[in-house]
Every structure is written in C-alpha cells, then in structure tokens.
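Asks:
Protein chains: 2
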Amino acid sequence: MVDELNKDQSTEQKILTAAKAVFIEQGLAGARMQDIADKAGINKALLHYYFRNKEKLFDMVFAEAAAKFMPRISMLFEADVPLFDKIRLFVDNYMNLLTENPFIPIFVLNEVHKNPEEVIMKIWGGRMPPINEFAAQIHREVAAGTIKPIKPIHLMLNMISMCIFPFVGRPIITTVFNLGEHGFNAMIEERKQQVADFVIDALRP
Amino acid sequence: MVDELNKDQSTEQKILTAAKAVFIEQGLAGARMQDIADKAGINKALLHYYFRNKEKLFDMVFAEAAAKFMPRISMLFEADVPLFDKIRLFVDNYMNLLTENPFIPIFVLNEVHKNPEEVIMKIWGGRMPPINEFAAQIHREVAAGTIKPIKPIHLMLNMISMCIFPFVGRPIITTVFNLGEHGFNAMIEERKQQVADFVIDALRP
DNA sequence: ATACAGTTTAACCAAATAGTTAAACCAAAG
DNA sequence: CTTTGGTTTAACTATTTGGTTAAACTGTAT
Chain C
1 MVDELNKDQS
11 TEQKILTAAK
21 AVFIEQGLAG
31 ARMQDIADKA
41 GINKALLHYY
51 FRNKEKLFDM
61 VFAEAAAKFM
71 PRISMLFEAD
81 VPLFDKIRLF
91 VDNYMNLLTE
101 NPFIPIFVLN
111 EVHKNPEEVI
121 MKIWGGRMPP
131 INEFAAQIHR
141 EVAAGTIKPI
151 KPIHLMLNMI
161 SMCIFPFVGR
171 PIITTVFNLG
181 EHGFNAMIEE
191 RKQQVADFVI
201 DALRP
Chain X
1 MVDELNKDQS
11 TEQKILTAAK
21 AVFIEQGLAG
31 ARMQDIADKA
41 GINKALLHYY
51 FRNKEKLFDM
61 VFAEAAAKFM
71 PRISMLFEAD
81 VPLFDKIRLF
91 VDNYMNLLTE
101 NPFIPIFVLN
111 EVHKNPEEVI
121 MKIWGGRMPP
131 INEFAAQIHR
141 EVAAGTIKPI
151 KPIHLMLNMI
161 SMCIFPFVGR
171 PIITTVFNLG
181 EHGFNAMIEE
191 RKQQVADFVI
201 DALRP
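Residue numbers (the working numbering), protein chains in the order written: chain C, 1 to 205; chain X, 1 to 205.
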C-alpha cells in the first residue's frame, strides 16, 4: 500500500509550504486563498478540506515562523560561556538562521505591528524569552570593568539590530548599494565576522 | 469670504492625515476606504470626490512618508565635517526624525517588501541617495589609520540598523524588555547618545 | 467487487469592499 | 435671491474573496 501518512503529509505539507510562501510575501490581509491553492498545485475545495479557514492556516504558518526564532536565542543567551564568545556565538548562529529564513523577520514584525497584543500572544503564550541571565552577565562584566559601561538592553538591541535589519531592508539596501543577489549574499557572509568584531571592539575598555 | 484654499486644504488635509494613519497601521491591503472616511470625519462619497481611488490616495501618502526620510540623510552624508562628528550628527538627527515618525519605517519597509521594483521606483524616480561621498570619507579614514579597518557599507548599515530597528520592533521590544510607553521613550532617548558612542568606540584604533 | 479517503470540477452563496450615482442640503459669494 | 461648490444621504453596482456544496472520479486496501 502507499504510505498513508506520507501521502497525507505530502499534500498537507504542499499546502503549508505554499501558504508560508504566500503569507510571507503578502501578509495575512494581502494573501489570497486561491493563490495558496494555486501555488500548492491543488484547488480551493481541497484547501478547505485540509484547513477549515484562512485564520487557522495562517496561525499554523505564523506560529511555526515565529517559533523558529525563539528557541535558538534562548539557548545561546543562557549558555555558560564568556561574554565575547557568547557574542560571537550569537551573531554567527543568528545570522545563519536569518540566511536560511531571510523573509521571516519582516513578515513577523509587520504582523505584530498590525495587531500587537493578539499576535504577540500567538508567539509566546505568555512566556517571555529568558534574557535575564544574559543581562546579568553583561552587568557583571561592566561592574568588573572587563567591558566599557553599557546597559544590557542597548547591547542586546545593538546586536539584534545589526543582525536583523539588513534582511528587513534587503530590497532597499540592494538598490542603494547597487548589489545583486550575489552581492547581497557576499555582504551578509562578511557581516557574520564584521558585526561580532564591531561589537567586541566597541566593548573593549 | 471664507478662505477657499484653507477650506479645501482643511478637508483634503483631514483626508490625507486620516489616510496616513490608516495606511501606516494596516498597510495598503489591510486599509479600508470606509475607515479612512470615518477617521477623517467624512463619508465615502466625499472621499472619492477628492481622491479618485485607493491607489492614488495611497501613492500620495506613501510618497510623502518615504520622501521624509531621504533628504535629511543626504545632506548629512554630504556635509563637510570630520567623521566622528558626522556620526554623532547622523545618529542624533536620524533618531529625532524617527521619534517624530515612529511607524514610517515598518510601513515603508513592508510595502517595499511586498512589491520591491514598483515601490522602490515610487520612492526615488531612479535617483539614488548620494552615499558615495560618505563612503569615500570612511575609506580615507581607514587608509589614514584614523579608524579601524571597516568597509563603508558595513559601517553605514550598522549605524542605520541600530537607529531604525528599535522602532521597527517596538511592540516586541516593549514586551520582551517589559517597557511601557514611557520606558520605551526613555530608552530611545538614551540611545541617541549610546549608539553614537558605541559606533565611535568600535572605530577608534 | 466494493468501500473509502483523497481529489477534482464547477457551480454557488454570502460578505466585504471599492467605487458610482443622483438627489437633496447648506453656506457663502455675487 | 440665485448660483455654486463643498457636503451629505442613501441607495446601488461590480468585483473580489472566503467559504460551501454536491456530484463525480481515482486509486488503493480489504
């Protein structure tokens, strides 16, 4: 017999993949169920046969997209390694994650912007990412004079900003700096080293 | 007589203001003409009496929003001042601009993301912002050994990222760092100094 | 053979929404 | 007073779109 699970998953997966692409490109309001069906190579009826409605489908896609960015950060933030190592580890990991999912950030940020309370609840069911340990570590280093004085929030924001923003502003950046797709990728590749160095240089007393 | 121009402008302006608010909050696809009419305190008929259709109205709002961020940057980038001064000048000016228009970036970035070619054309009619002079200046300083080696593109991206991202990610940031509106504003205020210091510290050899 | 899950086809409904129209209203200008 | 431009009202059209339905088809398992 044909593997039932695989058959189910294969169609369900085709839908999810298509939905992800369309939602990420067009957002919840801009996405059309017909487009999703088309991109999945099926028809609307079957689409609704698998997913009752747009909201449900969106939630699946969104939850997966948003979730993907949280766990890895948490682990890094809580890891027990020296600060500078942690910075390099974070930048490298995070930029790799972004390279693999370049459009998730603008998608998530935009949906959150349109509907903050509700959408933020969808991301974390009330649980916040554990930044306290990392903040404490920064604070200790500052107190010990190992790094220049800086509030943890600013250091974290600086790191995250420099990692994410190039992806969020990608089309504008490629235009302004006259980069092709290849040029952009090369720039991002350089940046993994660059950003970590930049942050560490800024912190060294 | 009642000032005709003012009367016209007052209604037209009410519409544009309302449209700006709704478009920025909901995006092109998510915005409803009825909402715009409501927020402007008029009715749909009059709305279409002033602006033929949604696209036209959107273009006006978008063009204004996007344009607001380009001119000031250009002037700063071309100004004839030492690099470190220019960095402070840029960060301070840009963050002030952002404080006054906190939602423009996510709005513009998102619309560009959904429709890169066309929307980018709407922003600059083919003219690019003049980054060359600034890039050359950075390059000279690096060559002279006045600052640590860094590619101009990375320095520029670093600065812009750290300025813009907090606004783009505002709702998530306020949640994760548990800031109220006041806390967020205070953080931004600190940041004007912080970011400039951070960049300069990173560059100093 | 038949039963059944997955799938297609094609038509359809209901709601939302962009945009139109015509008639009436109103206040100010001449 | 009359005209006129901005404005409202309210109904209407056309289109898009999310979602439904029923019938027929297909392959596979039993």
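Just so it is clear, CB atoms sit at the ideal spot from N, CA and C, and this is done for glycine as well.
How would you label X:M121, buried or exposed, when you count the other beta carbons within 10 angstroms and need 16 or more for buried?
Replies: As a position in the second sequence, residue 121 of chain X is number 121, starting the count at 1. The residue is exposed, with fewer than 16 neighbouring Cβ atoms inside 10 Å.
Asks: Just to confirm before moving on: does the CB-CB distance between C:M70 and C:P166 stay below 7 Å?
Replies: Within the first sequence, residue 70 of chain C is the residue found at index 70, counting from 1. Within the first sequence, residue 166 of chain C is the residue found at index 166, counting from 1. No, the pair does not count as a contact, with Cβ atoms beyond the cut-off.
Asks: Check the Cβ-Cβ distances between X:T175 and every residue of chain C, and say whether any is below 7 Å.
Replies: Looking up residue 175 of chain X in the second sequence gives position 175. At a cut-off of 7 Å between beta carbons, X:T175 contacts chain C.
Asks: Find the residues of chain X that neighbour C:N240, judging by a C-beta separation of less than 7 Å, and give them in chain order.
Replies: The question about residue 240 of chain C has no answer, for chain C in this structure spans 1 to 205.
Asks: Output yes if chain X places a C-beta closer than 7 Å to the C-beta of C:N43; else output no.
Replies: By one-based count along the first sequence, residue 43 of chain C stands at place 43. Chain X contact via Cβ: absent.
Asks: Enumerate in chain order the residues of its own chain whose CB-to-CB distance from C:E12 is below 7 Å, with the five nearest sequence positions on each side excluded.
Replies: Here residue 12 of chain C corresponds to residue number 12 of the first sequence, with the count starting at 1. Contacts found: Y50.
Asks: Answer with yes or no whether the minimum CB distance from X:Q266 to chain C is below 7 Å.
Replies: Nothing about residue 266 of chain X can be reported from this structure: the residues present for chain X run from 1 to 205 only.
Asks: Are there 16 or more other CB atoms within 10 angstroms of the CB of C:K44, so buried, or fewer, so exposed?
Replies: Stepping through the first sequence from its first residue, residue 44 of chain C is reached at position 44. C:K44 comes out exposed.
Asks: From C:E181, C:H48, C:I172 and C:M33, pick the residue whose C-alpha is nearest to that of X:V112; which is it?
Replies: Here residue 112 of chain X is taken as the residue at index 112 of the second sequence, counted from 1. Ranking the options by Cα distance to X:V112, first place goes to C:I172.
Asks: Measuring only the C-alpha atoms, how far is C:N115 from X:R204?
Replies: Counting from 1 along the first sequence, the entry for residue 115 of chain C is found at position 115. Counting from 1 along the second sequence, the entry for residue 204 of chain X is found at position 204. Using only the alpha carbons, I get a separation of about 42 Å.
Asks: Which stretch, first to last residue, makes up the alpha helix (DSSP H) that contains C:G183?
Replies: Locating residue 183 of chain C in the first sequence gives position 183, where the first residue counts as 1. Run containing C:G183: E181 to L203, per the alpha helix (DSSP H) assignment.
Asks: Consult DSSP for C:D80 and reduce its assignment to one of helix, strand or coil.
Replies: Here the question's residue 80 of chain C lines up with position 80 in the first sequence. Coil at C:D80, not helix or strand.
Asks: Would you call the CB atoms of X:M162 and C:S161 closer than 7 Å?
Replies: Walking along the second sequence from the start, residue 162 of chain X turns up at place 162. Walking along the first sequence from the start, residue 161 of chain C turns up at place 161. Yes; because the gap between Cβ atoms is below 7 Å, this pair is in contact.
Asks: Once DSSP output is grouped into helix, strand and coil, what is the label at C:M128?
Replies: To locate residue 128 of chain C, count along the first sequence from 1; it is residue 128. DSSP places C:M128 in coil when its eight states are reduced to three.
Asks: For the region 125 to 157 of chain X, which residues have a beta carbon sitting closer than 8 Å to at least one beta carbon of chain C?
Replies: M128, P129, I131, K148, I150, K151, I153, H154 and L157
Asks: Can you tell me the Cα-Cα spacing of C:M33 and C:I73, whole angstroms?
Replies: The residue you call residue 33 of chain C lines up with position 33 of the first sequence. The residue you call residue 73 of chain C lines up with position 73 of the first sequence. One C-alpha to the other measures close to 33 Å.
Asks: With distances taken from CA atoms, which of X:G27, X:T146, X:G180 and X:A136 is nearest X:D201?
Replies: Position 201 of the second sequence, counted from the first residue, corresponds to residue 201 of chain X. Nearest option by C-alpha distance: X:T146.
Asks: How about X:T29: is its C-beta nearer than 7 Å to some C-beta of chain C?
Replies: Numbered from its first residue, the second sequence carries residue 29 of chain X at position 29. The residue asked about is misnamed: residue 29 of chain X is Ala in this sequence, not Thr. By this cut-off, X:A29 is an interface position.
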